[in-house]
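Notes follow the structure.
Residue numbers (my numbering): 2 to 244.
The structure is reproduced here in C-alpha cells:
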C-alpha cells in the first residue's frame with residue numbers, strides 16, 4: 002500500500018518529516034518535535050500525528066524512548082526500510098517483543114476461509130490463539146493463530162503470558178514439524194462490531210485482513226495466521242531489486 006492510498010493529511014505529514022530528516026533539519030540523534038508541537042504546526046489531529054510517527058518508527062526513521070521522546074535515526078538503509086511481511090513477522094518474532102493482551106486461547110469453530118486454508122471441514126473445531134497487539138499504548142492489530150487441535154497439544158499456546166520465542170520456533174521445537182513456506186493473502190473489508198471496540202476505530206474505517214497460510218515441505222497446511230490491521234494506522238510496503 003503506498004502513501005497515496007492513505008488519508009492525505011497522514012501521508013503529507015509522513016513525507017514532510019522524511020524530507021526534513023533527509024535535508025538535515027532534523028539530524029540523526031536530535032529530538033523530534035513533540036506530538037503537541039506537530040499538531041500545532043501542521044494543524045492536524047492527534048490520531049493523524051500518532052499514525053504518522055508510528056510509520057516512521059516502524060520504518061526505522063525514528064526511535065522512541067520512554068519518558069524522553071522520539072529521536073531521529075536518519076534515513077534507514079534499504080534492508081531496514083524494507084518491511085517484513087506481516088505474517089512472517091508474527092511467525093518469527095517472539096511475542097514478548099510486542100505489547101498486548103491475550104483475547105482467546107482454546108478450541109473454536111473454524112470460519113470458512115480459515116477452514117479452506119487448513120484443508121479442514123467448515124465449522125469443525127481447531128485451536129485458536131488470539132492477541133490484541135498494542136503500539137505506543139494504543140491498539141494496533143489483532144493477531145489470530147489457527148491450527149489443528151492435535152498440533153496445539155503439548156505447547157504453551159494456551160498460556161496468557163507472551164511467548165518468549167516465535168510461534169514458528171515454539172511449534173517446531175515442541176511438535177517436530179517444519180514450517181517451510183507461507184502463502185500470504187491480503188483483503189479489505191469493514192470491521193465487525195467487536196473489532197471496532199477492541200481496536201478503538203472510528204466509524205466507517207475499513208480493515209485489512211492478512212492471511213498467512215503456513216505449509217510444510219510437502220505443501221501440507223500446518224497453521225494459519227490471520228492479522229487484522231486498521232487501514233488508517235498501517236501501510237504495507239515492499240522493497241525488492243530490479244533484475
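The beta carbon of each residue, even a glycine, is placed where N, CA and C say it ideally should be.
* Asked: Is it true that the CB of residue 227 sits closer than 9 Å to the CB of residue 189?
  -> Within the chain shown, the letter at position 188 stands for residue 189. Within the chain shown, the letter at position 226 stands for residue 227. Result no, Cβ atoms of residue 189 and residue 227 do not sit closer than 9 Å.
- Between residue 197 and residue 73, what straight-line distance do the alpha-carbon atoms span, to the nearest angstrom? Within the chain shown, residue 197 is the residue found at index 196, counting from 1. Within the chain shown, residue 73 is the residue found at index 72, counting from 1. Computed Cα separation, rounded: 33 Å.
*With DSSP as the reference, please indicate the residues paired to residue 101 in a beta bridge.*
As a working note, residue 101 is residue 100 in the chain shown. Bridge partners of residue 101: 134.
Using a Cβ-Cβ cut-off of 6 Å (strictly less than) and excluding sequence neighbours within five positions of residue 123, which residues of its own chain qualify? For the purposes of this step, residue 123 is taken as the residue at position 122 of the chain shown. 113 and 116.
| said: If I measure Cβ to Cβ from residue 121 and keep anything under 8 Å in the same chain, skipping five residues before and after, which residues do I get? | reply: Counting from one through the chain shown, the residue named residue 121 turns up at place 120. Closer than 8 Å at the Cβ level, and outside the excluded window around residue 121, lie 111, 127 and 149.
**Prompt:** Should residue 33 and residue 71 be called a contact, given that it needs their Cβ atoms to be closer than 9 Å?
**Reply:** Here residue 33 refers to the residue found at position 32 of the chain shown. Here residue 71 refers to the residue found at position 70 of the chain shown. Taking C-beta atoms as the reference points, residue 33 and residue 71 count as a pair closer than 9 Å.
*asked:* Using a 10 Å radius around the Cβ and a threshold of 16 neighbouring Cβ atoms, would you call residue 154 buried or exposed?
replied: By 1-based counting over the chain shown, the position of residue 154 is 153. Under this definition residue 154 is an exposed residue.
For the candidate residues 104, 36 and 224, whose alpha-carbon lies nearest to that of residue 180?
-> Mapped onto the chain shown, residue 180 falls at position 179. The shortest Cα separation from residue 180 among 104, 36 and 224 belongs to 224.
Exposure label - residue 118; buried when at least 16 CB within 10 Å: Here residue 118 is taken as the residue at index 117 of the chain shown, counted from 1. In this structure residue 118 is buried. Its beta-carbon is surrounded by 16 or more other beta-carbon atoms within 10 angstroms.
*asked:* Whole angstroms are fine: how far does the CA of residue 108 sit from the CA of residue 125?
replied: Position 124 of the chain shown, counted from the first residue, corresponds to residue 125. Position 107 of the chain shown, counted from the first residue, corresponds to residue 108. One C-alpha to the other measures close to 10 Å.
Report the rounded CA-to-CA distance for residue 49 versus residue 137, giving the unit in angstroms.
-> As a first step, residue 49 must be located in the chain shown, where it is residue number 48. As a first step, residue 137 must be located in the chain shown, where it is residue number 136. Straight through space, the alpha carbons of residue 137 and residue 49 are spaced by roughly 14 Å.
(request) Give me the Cβ distance between residue 207 and residue 164, rounded to the nearest whole Å; I'm assuming they're in contact under 8 Å. (result) Here residue 207 is taken as the residue at index 206 of the chain shown, counted from 1. Here residue 164 is taken as the residue at index 163 of the chain shown, counted from 1. Actually they are not in contact, since the Cβ atoms of residue 207 and residue 164 sit about 30 Å apart, beyond 8 Å.
In this structure, does DSSP put residue 196 in helix, strand or coil?
Reading the chain shown from its first residue, position 195 is the one you call residue 196. Here residue 196 sits in helix by DSSP.
Practice problem: Can you check DSSP and say which residues form a bridge with residue 212? | Solution: In the chain shown, the residue the question calls residue 212 occupies position 211. BP columns for residue 212 point to 186 and 227.
Going by beta-carbon coordinates alone, are residue 47 and residue 141 separated by less than 9 Å?
Counted from its first residue, the chain shown places residue 47 at position 46. Counted from its first residue, the chain shown places residue 141 at position 140. No, they are not a contact pair.
Check your understanding: Does the beta-carbon of residue 192 have 16 or more other beta-carbons within 10 angstroms, so that it is buried, or is it exposed?
Key -> Position 191 of the chain shown, counting from 1, holds the residue named residue 192. It counts as buried.
Which residue wins for smallest C-alpha separation from residue 1, given the options 169, 62, 59 and 210? The structure shown has nothing for residue 1, since the chain only spans 2 to 244.
Notebook entry, point to check: Would you report the Cα separation of residue 88 and residue 158, rounded to the nearest angstrom?
Noted result: In the chain shown, counting from the first residue as 1, residue 88 sits at position 87. In the chain shown, counting from the first residue as 1, residue 158 sits at position 157. Taking the straight line joining both Cα atoms gives about 17 Å.
* With a 10 Å radius around its C-beta and 16 neighbouring C-beta atoms as the bar for buried, classify residue 132 as buried or exposed. => The residue labelled residue 132 in the question sits at position 131 within the chain shown. So residue 132 ends up on the buried side.
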